[in-house]
Amino acid sequence: MQRKVTKAVFPVAGLGTRFLPATKSVPKEIMTLVDRPLIQYAIDEARAAGITEFIFVTAKGKSALEDYFDHASELESKLEKDGKHELLEALRSSNMESGAIAYIRQHKALGLGHAVGCARKLIGNEPFAVLLPDDVIAAEKPCLQQMAEAFAETGGSMVAAMEVPPARASSYGVLDIQEDMGSMVSVKGMVEKPKAGTAPSNLAVIGRYILAPTVLDNLEKITPSAGGELQLTDAIAMEIAQDRPVFGYRFRGERFDCGSKAGFLQATVAFGLAREDLRDEFSSYLQQIVSMREAAQ
Numbered sequence: 009m010q011r012k013v014t015k016a017v018f019p020v021a022g023l024g025t026r027f028l029p030a031t032k033s034v035p036k037e038i039m040t041l042v043d044r045p046l047i048q049y050a051i052d053e054a055r056a057a058g059i060t061e062f063i064f065v066t067a068k069g070k071s072a073l074e075d076y077f078d079h080a081s082e083l084e085s086k087l088e089k090d091g092k093h094e095l096l097e098a099l100r101s102s103n104m105e106s107g108a109i110a111y112i113r114q115h116k117a118l119g120l121g122h123a124v125g126c127a128r129k130l131i132g133n134e135p136f137a138v139l140l141p142d143d144v145i146a147a148e149k150p151c152l153q154q155m156a157e158a159f160a161e162t163g164g165s166m167v168a169a170m171e172v173p174p175a176r177a178s179s180y181g182v183l184d185i186q187e188d189m190g191s192m193v194s195v196k197g198m199v200e201k202p203k204a205g206t207a208p209s210n211l212a213v214i215g216r217y218i219l220a221p222t223v224l225d226n227l228e229k230i231t232p233s234a235g236g237e238l239q240l241t242d243a244i245a246m247e248i249a250q251d252r253p254v255f256g257y258r259f260r261g262e263r264f265d266c267g268s269k270a271g272f273l274q275a276t277v278a279f280g281l282a283r284e285d286l287r288d289e290f291s292s293y294l295q296q297i298v299s300m301r302e303a304a305q
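Residue 305, in the working numbering, is where the sequence shown stops; the numbers in between run on with no holes.
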């Protein structure tokens, strides 16, 4: 099996109910984190990892997401005419060339496993990445790039993993570790959202995957499990049962759960403070708020 990954699947069919009423008309994936939509962070990360083919699994009401990647010729011309080259460069970074991006509709919300399976015909018989835009990762080297470099050495299937408090393990897919090799662990099992106190480890799967094409075969065999949905982790676990290697990768970086309001706000603060053009003013404002609260107490 080849060990170069050039295709990525972006499951973006979710309703975004945790962000209602905003997501009544605005797809969650194009809600802005500082000045870029969530999906742009995922796209940039994929590009850094060498991805050249982008597959979006969408649903009804996501047309604004598709429009985002189109070229805005009139706006580009105006920015160029006005000499606003920095803005022009930022705008062009959101463009996708014809043929690089494809959209597939998921007509029923049957889970992440079902969404990935919808892309089977476009993936073919080669390894592929899956990125969940809700998970935004701040890292010096993008998370998927770290994984792609490791995958070139190991092959198999690989999931991004991070340590979580035992009390929170029931919110994640959790790895059952066979051998801990530092940044990598070999996996002997996976449990989706284990009941409290039953998790095999505190190493949780987050929204970055590099998967062997055989996972797509497994997706056609699994049955609904946690939440009554087809779980991607169940299909990956079948790889282990079939004696195919599965690895967990401890990425270097900080993950923000932008699928939750608190996580989105935390990411906004972190990414805002990381920007040189915003840091001083924003930091001063945050310090002012903290001082005012301390004084009020």
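Glycine included, every Cβ here is placed at the ideal spot set by N, Cα and C.
Just so it is clear, the structure is predicted and the values come from calculations on it, not from any experiment.
query	result
Cβ shell of A275 (< 6 Å), same chain only, five flanking positions each side left out	L41, V144, F264 and C266
Inter-stretch contact (C-beta, 8 Å, three-pair minimum) for the region 76 to 90 and the region 175 to 193	no
Sub-7 Å separation of L46 and P141 beta-carbons	yes
Where H93 falls, given that 16 or more other Cβ within 10 Å makes a residue buried	exposed
Buried versus exposed, by CB contacts within 10 Å (16 or more), N103	exposed
Where V223 falls: helix, strand or coil (DSSP)	helix
Per DSSP, the bridge partner or partners of R258	A169
Option nearest A67 by Cα separation, candidates K86, T14, C126 and S101	C126
Nearest-angstrom beta carbon gap, S165 and E247 [assumed within contact, 8 Å]	5 Å
Counterpart residues of M192 in DSSP-defined beta bridges	Y257
Beta-bridge pairing of R216 - partner residues as DSSP gives them	L139
Boundaries (first-last residue) of the beta strand (DSSP E) holding K15	K15 to P19
Exposure label - V298; buried when at least 16 CB within 10 Å	exposed
CB-CB length for V272 against L281, believed under 8 Å	At residue 272 the sequence reads Phe, which differs from the Val that was named. Actually they do not touch by this definition, with Cβ atoms about 15 Å apart.
Segment limits, alpha helix (DSSP H) that includes I59	Run containing I59: none; DSSP gives neither H nor E here.
Sequence-distant residues of the same chain with beta carbon closer than 7 Å to A245, five excluded per side	G197 and M198
Backbone CA spacing between Y293 and A270 [nearest angstrom]	19 Å
Close beta carbons around P35, own chain, < 8 Å, minus the five adjacent residues each side	V20, G24, G69, K70, A72 and L73
Closest by C-alpha distance to S233, when choosing among F18, F27 and G181	G181
Any non-hydrogen atom of the ligand GTP within 6 Å of E134 CB	Looking for the ligand GTP in the displayed structure turns up nothing, as the structure carries no ligands at all.
Which residues DSSP lists as bridging A146, in chain order	E262
Alpha-carbon to alpha-carbon, K116 and G163	32 Å
Own chain, CB closer than 7 Å to R113, minus 5 neighbours either side, in chain order	T66 and A67
Inter-residue spacing [alpha-carbon to alpha-carbon] between V277 and R283	10 Å
Residue burial classification, P202 (beta-carbon count within 10 angstroms, cutoff 16)	buried
Length of the line joining the Cα atoms of R55 and E88	25 Å
Residue range of the unbroken beta strand (DSSP E) whose run includes I109	I109 to R113
Buried versus exposed call for A30 [16 or more other C-beta atoms within 10 Å across all chains shown]	exposed
Cβ neighbour criterion (16 or more within 10 Å) applied to R216	buried
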